[in-house]
Amino acid sequence: MKVAYWPGCVSRGFTPELHGSMAKVAPLLDIELVQLDRANCCGAGVIAEHNQELADTLNARTFALAQQVQGAELMMNICSTCQGAQGECQERLDANAEYRAHVNETLSDEGLTYEKGLTNKNFLWLLVEEIGLEKLSGLVKRPLTNLRVGPFYGCYIVRPRNRLGIDAEHPRDHYLEQLIETLGGTTIEYAGMRKCCGFPIITMNKEASLTQAGRHLGDAVDAEADCLVTPCPLCHLNLDMQQPLVEGVVGRELKMPVLHLPQLVGLALGLEPKELGLGRHVVKPTSVIDWSTSVVGAAA
Amino acid sequence: MAETHKPPEKFTLRMRRYDPESGQAPYWDEHTIELEPHRSVLEGILQAKAEFDGSIGIRCSCRAAICGSCGVRINGEPGLACHTHLDHARASAKDGAIEVEPMGNMPVIKDMIVDMDAVHWKKVQRVTPWLINEGPQPEREHIVSRESMVDITQTMACIQCGACVSDCLAMEVDPGFIGPAALAKAYRFVGDPRDEEQRERLLDLSEDPQGLYDCTHCFKCVEACPKDVNPMGQIMRLRRIAGNDQHIVDRNNGERHEQAFVTLVKDSGLLHEAELLPRSYGGNSWFGKFHPAAGKELLSSLPVAIRGVMKRKMSIKIALFGHKIPKQDLDAVKKIYAKIESKPERYELNLYVSGEDEEEAA
């Protein structure tokens, strides 16, 4: 399937291994990525905090660019925060025709128009809802046998449920568990899996921020997870990049590798840890998990 | 069409019981009650109390979702016991038994009753929850525009049940955080055109290290609120007014972080993460990193940055110069900024007030 692909900022800045691994995984899933190179930052909620109309207009611009991609079935993102921040703006744009016209007025300088009703899905949603777990399971070349994986969603992709379209038919707040099992791994449930990583207040209240990350990582350690997986690169920054500082704040050793979603999928589809950028993490998954035994153990 | 009346059914309630004075640890207590499925969890608890164990502790009054007394956790989620149908609660139960627990982030007095005075009400008092207007009073009433009052009706819908406090993730790690309910209450007065102390209120909340900028934006309170008050949305409005209208540059880096973020996206179309940190600490320009306040923080972050570059997590080029969208697109983004930021008043659509368009007839 062809998608208008919005990689976000962080996946091309501080976590390039996310964008890189997505590019590697897409062809294996028959996803054609048409990258929205001209699109702008979603604002991560911060621009909306500054000026709502500005955030809505900037995101309407991205949506309009996505709608211009010929033959694309939908827009896809790889960041929980983009999903949530863009979804909040889209909710306002879609709810009120007068407001939409007002925003489109601003976009008209550039010859762009946003038309109500764009479908914008995170890679996680696309995997479960568009590709389907059954098909995915048939593509698994290297089941994640014996790998104990803790899901970490990121707030923006689980709340608020109404806006994100989470209901009995679309249990999007349980997709990571379903996915881990489909890839042959074992889901580890722990208290913090749908809580906040703390990243949004890292510059305002560093101790509280790192304590949040530390508690969740600690809970995952206690539940004997081998690693975490997250669809959010901002969570990844607090959980992985800051982990050495986090250890100092919570006073315990953690050594918990945190994988980006496409990396976990890529491993199961047979890609090598190195080409998925696993060596680029601060807590190197390769140094903690022996992939040759715990993952490649069972024959495909 | 009227809903057909369903006959009574059996429901199992699994209640978290605890009496701090007993010296016993908390425990689960199960009772099976019989009621029509549309009746409330509260009615179920009261039946268990009447028929099986008079010592079950639950606070309640109106039974109509207006007094805010019966806030509890049902199957782990905060809500009003009187506003949750038994059949709905059973549908979300793990194993068929409806679990009822006291709210979080507050000490338990007994069973499902928490100490609202010790946490919730103390925090509400913290924000001076009354109108301050010492000036000469008009002969009759204060005349205000309809729009200006409609803007604060959302916060007025709060029934002080504490559900948002119960679930606040910032408070979980930082119990001193003023929290969602009290900050929503603060907006009730900051947004009221009759109040004379808008700036003082915002200064106070911005400068408090556990105040306006301690919210982590996790949407828990938005989800928890049974009255659609959207406390997090009110916190964002407080920030918007504090930073943009009152130009309050707080010591918690809240305003600087926001300004730096907004400016960096204007300058490159994308977020330049490496610049965000120094500017948040030292001020919103390239020179921000040389500010003494930035120096200390940057020094402590240096090992993280060096580790990142060493692991080829980020290239030196990205770390120094960031990334940009193509020039003509960047120009378009800058035009959007210029057009919107030059407006004398911000245009803010609140769906709580405006509602959604009716679906067009097919």
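Chains L and X are the protein sequences, given in the same order.
Counting with our numbering, you get residues 1 to 300 for the letters of the first sequence.
Counting with our numbering, you get residues 1001 to 1362 for the letters of the second sequence.
Using N, Cα and C, we set each Cβ at its ideal position, and we do this for glycine too.
Going by DSSP, Met1171(X) is part of the alpha helix (DSSP H) stretching over Leu1169 to Val1173. For Cys196(L), a Cβ of chain X is located within less than 7 angstroms of the residue's own Cβ. Closer than 7 angstroms to the CB of Asp1357(X) there is at least one CB belonging to chain L. Excluding its 5 nearest sequence neighbours in each direction, Ala44(L) has C-beta neighbours in its own chain below 6 angstroms: Thr81 and Ala85, listed in chain order.
At least 7 angstroms separates the beta-carbon of Val1144(X) from that of Asn1105(X). Under the three-state reduction of DSSP, Ser1055(X) is assigned to coil, being neither helix nor strand. In the three-state reduction of the DSSP assignment, Leu259(L) falls in the strand class, which pools E and B.
For the 7 angstroms CB-CB criterion, Ile1325(X) and Gly1269(X) form a contact. Residue pairing by DSSP places Phe1011(X) opposite Ile1033(X) in a beta bridge. Taking 7 angstroms as the threshold, the shortest C-beta distance from His50(L) to chain X falls below it. Scanning chain X for C-beta atoms nearer than 9 angstroms to the C-beta of Cys155(L) yields Leu1169, Thr1216, His1217, Cys1218, Phe1219 and Lys1220, reported in chain order. Within the model, the alpha-carbon separation for Lys1220(X) versus Glu1139(X) is close to 44 angstroms. Going by beta carbons, Asp173(L) and Ile180(L) fall outside the 7 angstroms limit. Between Lys1327(X) and chain L, the shortest Cβ-Cβ separation is not below 7 angstroms. Annotated as distal: Asp222(L) and Gly192(L), with beta-carbon spacing of 7 angstroms or more.
DSSP, reduced to helix, strand and coil, places Arg1017(X) within a strand of the structure shown.
By the 16-neighbour rule on beta-carbons within 10 angstroms, His50(L) is buried. Under the Cβ criterion (8 angstroms, minimum of three pairs), the segment 99-118 of chain L counts as touching the segment 54-64 of chain L. The three-state reading of DSSP puts Arg1251(X) in coil, since its state is none of H, G, I, E or B. Here Lys1317(X) carries a helix assignment [DSSP, helix/strand/coil]. Neighbours of Gly132(L) across chain X, judged by C-beta separation under 9 angstroms, do not exist; the nearest C-beta is about 26 angstroms away. DSSP assignment within the segment 1060-1144 of chain X yields the following whole beta strand (DSSP E) runs of 3 residues or more, N-terminal first: 1071-1074, 1077-1080, 1098-1101 and 1108-1110. Assignment of Ser1285(X) by DSSP, reduced to helix, strand and coil, places it in the coil class. Positions of the beta strand (DSSP E) runs, each at least 3 residues long and wholly inside the segment 16-71 of chain L, are given as 32-35 in order along the chain. When Cβ pairs closer than 8 angstroms are counted between the two stretches, the segment 20-32 of chain L is seen not to touch the segment 87-95 of chain L, the count staying below three. For the segment 93-159 of chain L, the continuous alpha helix (DSSP H) assignments of 4+ residues that do not extend past its boundaries occur at 97-107, 123-126 and 133-139, in sequence order. The beta carbons of Glu1273(X) and Gly277(L) sit about 17 angstroms from each other, so the pair does not count as a contact at 8 angstroms. In terms of Cβ geometry, Asp1195(X) and Ile1132(X) form a close pair [threshold 7 angstroms]. Val103(L) and Gly1096(X) have their C-alpha atoms spaced approximately 48 angstroms apart.
Spanning the alpha carbons of Ala213(L) and Gly1054(X) requires a straight line of approximately 43 angstroms.
The Cβ atoms of His1031(X) and Phe1052(X) sit closer than 7 angstroms to each other. Of Thr57(L), Cys41(L) and His19(L), the smallest CA-CA separation from Ala101(L) is found for Thr57(L). An exposed status is given to Gly1076(X), since fewer than 16 other beta-carbon atoms sit within 10 Å of its beta-carbon. The beta carbon of Cys9(L) sits closer than 7 angstroms to some beta carbon of chain X. Here Phe1177(X) is not near Asp1117(X), since their CB atoms are 7 angstroms or more apart. Rounded to whole angstroms, the separation of the alpha carbons of Arg1199(X) and Val10(L) is 35 angstroms.
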